[in-house]
Amino acid sequence: MRLTDRLSRATAGLPGPLAVVDLDTFDVNAADLLRRAAGTPVRVAAKSVRVRALLDRAGEAGFTGVMAFSLAEALWLVGGGTRDVLVGYPTVDTDALARWAADPVARREITLMADDVAQVALASAALRDAPAAGPAGSVCLDVDCSLRLGVGRWRAHLGTRRSPLRTAEQVADLAGAVESTDGLRVRGLMFYEAQVAGLPDESPAVRAVKRLSVPDVDRRRRDVLAAVRTAVGRDVELVNAGGTGSLESSAAGTGVTEVSAGSGLFVPGTFDHYRSFEARPAAFFGLDVVRTPGPGWATAFGGGYVASGPAGPSRLPRVATPGWALTRREGAGEVQTPLRLRRGGRDLRVGDRVWFRHAKAGELMERFATVHLVRGDEVVGTVPTYRGEGQAFG
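Numbering (our numbering) for the sequence shown: 87 to 480.
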């Protein structure tokens with residue numbers, strides 16, 4: 087039985103639109119991510135999941151710690167019992183910082199991210215205003231890992247625009263500033279090589295960028311680690327790197343103590359063309375066919391779930407039901423999504439369910455309050471997403 091047929095049978099009687107996660111595939115993906123890391127601990131990236139029950143499931147499978155995408159999310163997770171939460175991005179949320187500073191458990195379990203002395207100053211101010219003393223606040227420094235080639239007007243920046251910390255000296259200077267701040271200590275460093283972890287291997291150019299980037303990041307990481315060791319007088323305990331697309335090379339990098347992954351648990355559409363792993367989609371959303379405008383056409387209700395990023399076809403959902411495709415003229419619509427029959431597809435009738443994959447991982451769960459957990463051809467559980475728990479973090 088095809089996967090989409092299994093999903094339709096499992097969710098028969100449930101109204102669409104609806105989100106599902108196939109647990110058999112999720113568990114296989116979790117085991118594969120751990121295997122690819124070859125013994126290096128894997129931290130689950132919460133922004134790519136956004137379902138607390140599935141974050142817990144990843145932890146039970148062997149993932150170590152969580153990477154949150156905001157301090158507010160980290161506080162909520164720790165309040166629910168999650169431990170060792172690394173905030174993946176700097177924060178200027180003074181309310182969240184005040185709650186973090188006032189809670190000894192949060193200060194112990196949450197590591198802030200910083201790449202600027204202004205962020206450090208905000209954390210310091212929150213600690214000064216805290217009502218009681220507690221453990222020192224931990225800080226991780228985000229290091230720019232983009233690849234830069236050429237000189238002058240011909241200089242190319244390949245990678246994301248993230249941290250301003252590029253050189254070992256810059257990182258060491260900020261590390262020294264953190265260590266000289268009462269109540270704060272440098273716990274770790276993050277090296278996210280987006281041009282390796284976040285780009286599918288679709289072209290020779292991308293593959294060449296990856297081949298150049300891996301040794302470049304490794305060399306600069308060695309320099310940064312040495313400079314920070316001198317600045318703070320010890321080795322940092324946490325050196326985070328990588329993502330789903332780069333687990334092998336990141337885990338093997340000099341000084342790396344852990345890697346992060348999250349999208350590989352769901353395998354959304356943008357992860358279809360990597361050579362480093364087998365794509366096994368686990369997360370889907372289902373829409374109901376409400377009209378058939380003509381032979382070879384079907385119209386589904388809802389579906390305009392376009393992913394963030396540069397506008398274009400790569401951000402649209404992928405039709406998972408075999409033999410059907412979005413139309414170029416309308417794409418995925420706010421209230422209806424027209425579909426065109428292609429070779430090998432079976433006719434859809436009013437009331438049938440058609441299945442899609444979101445282009446990105448966790449963003450799908452922002453559209454739904456609950457997600458149905460499927461095993462075989464049965465729904466074995468229905469759990470809330472962040473939205474369903476009344477939480478909105480981004």
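All C-beta atoms, glycine included, are put in the ideal place defined by N, C-alpha and C.
Counting only runs of 4+ residues, the alpha helix (DSSP H) found wholly inside the segment 153-211 occupies 157-165, 180-188, 190-195, in chain order. The beta-carbon separation of Val257 and Ala313, rounded to 6 Å, stays under the 8 Å limit for a contact. The criterion of a C-beta distance shorter than 8 Å is not satisfied by Ala212 and Val206.
Every unbroken stretch of the beta strand (DSSP E) spanning 3 or more residues and falling wholly within the segment 354-398 is given here in chain order: 369-377, 383-387. Judged by DSSP secondary structure, Asp108 falls within the beta strand (DSSP E) whose first and last residues are 104-108. Contact check for Leu109 against Leu459 passes: the beta carbons are separated by less than 8 Å. Contact annotation: the segment 370-389 touches the segment 439-448, with at least three C-beta pairs closer than 8 Å. Per the coordinates, the alpha-carbon of Ser336 lies some 9 Å from the alpha-carbon of Val303. By the Cβ test, the segment 143-158 is in contact with the segment 167-175, since at least three Cβ pairs between them sit closer than 8 Å. Each residue's CA atom was taken as its position, placing Val272 and Leu93 some 47 Å apart. His359 sits exposed, since fewer than 16 C-beta atoms from the chains shown fall within 10 Å of its C-beta.
Each residue's CA atom was taken as its position, placing Tyr278 and Leu251 some 12 Å apart. Counting other Cβ atoms within 10 Å of its Cβ, Ala117 stays below 16 and is therefore classed as exposed.
Taking C-beta separations shorter than 8 Å and ignoring five residues to either side along the sequence, the partners of Gly341 in its chain run Arg307, Arg308, Leu311, Val325, following chain order.
A straight-line Cα-Cα distance of about 7 Å links Thr150 and Val130.
With 16 or more neighbouring CB atoms inside 10 Å of its own CB, Leu140 falls in the buried class. With fewer than three CB-CB distances shorter than 8 Å, the segment 89-105 does not count as touching the segment 345-364. When beta bridges are read from the DSSP output, Arg129 appears opposite Ser346. Taking Ala393 as the centre and dropping the five residues before and after it, the same chain places the C-beta of Arg401, Ala445, Lys446, Glu449 closer than 6 Å to its C-beta, in chain order. Under the three-pair Cβ rule at 8 Å, the segment 181-194 counts as touching the segment 214-234. For Ser94, the enclosing alpha helix (DSSP H) begins and ends at 89-96. Just so you know, the alpha carbons of Gln422 and Phe371 end up roughly 14 Å apart. Remark: C-beta atoms of Leu351 and Val135 approach each other more closely than 8 Å. In this structure, the beta-carbon distance from Glu452 to Arg473 falls below 8 Å. Membership of Ala327 in the beta strand (DSSP E) is indicated by the continuous run 324-327.
Burial check for Val229: the Cβ neighbour count within 10 Å reaches 16 or more, so the residue is buried. Residue environment analysis places Gly476 among the exposed positions, since fewer than 16 neighbouring C-beta atoms fall within 10 angstroms of its C-beta. Cβ neighbours of Leu208 within its own chain (closer than 7 Å, five residues either side excluded): Val178, Thr180, Leu183. Partner residues in the beta bridge of Pro470, as assigned by DSSP, are Thr456. Closest option to Pro379, judged by alpha-carbon separation, among Pro424, Arg414, Ser362: Pro424. A direct Cα-to-Cα measurement between Tyr391 and Arg122 gives close to 31 Å.
Taking a contact to require three or more Cβ pairs closer than 8 Å, the segment 409-422 and the segment 314-334 do not qualify as touching.
Within the DSSP bridge table, the entry for Ser224 names Thr197, Arg271 as partners. Judged by DSSP secondary structure, Leu140 falls within the alpha helix (DSSP H) whose first and last residues are 138-147.
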